[in-house]
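Below: one structure, written as structure tokens.
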Amino acid sequence: MTRDQVIKAIRGAQRVAGVPQAGVHVLRHNFCSHLAMKGAPARAIQELAGNADLSTTQRNMHLSPAATEDAIRLLDGRRADLKVAQSVET
225 MTRDQVIKAI RGAQRVAGVP QAGVHVLRHN FCSHLAMKGA PARAIQELAG NADLSTTQRN
285 MHLSPAATED AIRLLDGRRA DLKVAQSVET
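Reading the sequence shown from the start, the letters are residues 225 to 314 in this note's numbering.
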């Protein structure tokens with residue numbers, strides 16, 4: 225598919241779904257955000273998104289308030305079902 229065909233298909237789907245039109249770049253933000261909220265490591269998201277620089281990936285990740293609350297719960301142990309990484313990348 226060409227770039228224009230992809231844009232046309234997305235805009236058509238937006239019309240059918242009744243959602244406001246937004247640039248196709250919003251898909252990149254949604255992709256990165258959902259992976260981050262599911263716990264994917266930032267470096268993995270960077271690679272999947274095809275970003276050369278991690279700071280670009282970080283700008284594309286928008287966390288929900290619930291995801292922020294989950295991060296705080298990691299520190300105080302209230303979320304036993306969350307899995308914490310065993311090592312830290314340097």
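Backbone N, C-alpha and C fix where the C-beta goes; we use that ideal spot for every residue, glycine too. As the structure is a prediction and not an experimental result, all values here were calculated from the model.
Asked	Found
If distances are taken between C-alpha atoms only, which option among P244, A290, K232 and M225 comes closest to A260?	A290
Pick helix, strand or coil for K262, following the three-state DSSP scheme.	coil
Looking at the structure shown, is A273 part of a helix, part of a strand, or coil, going by DSSP?	helix
Figure out for me which residue from H249, I296, G301 and D300 has the closest Cα to the Cα of M285.	H249
Can the beta-carbon of C256 be found less than 7 Å from the beta-carbon of A273?	yes
Find the nearest neighbour of R283 within the set L298, D294, D228 and Q270, judged by alpha-carbon distance.	Q270
CA-CA distance, A241 and L278?	33 Å
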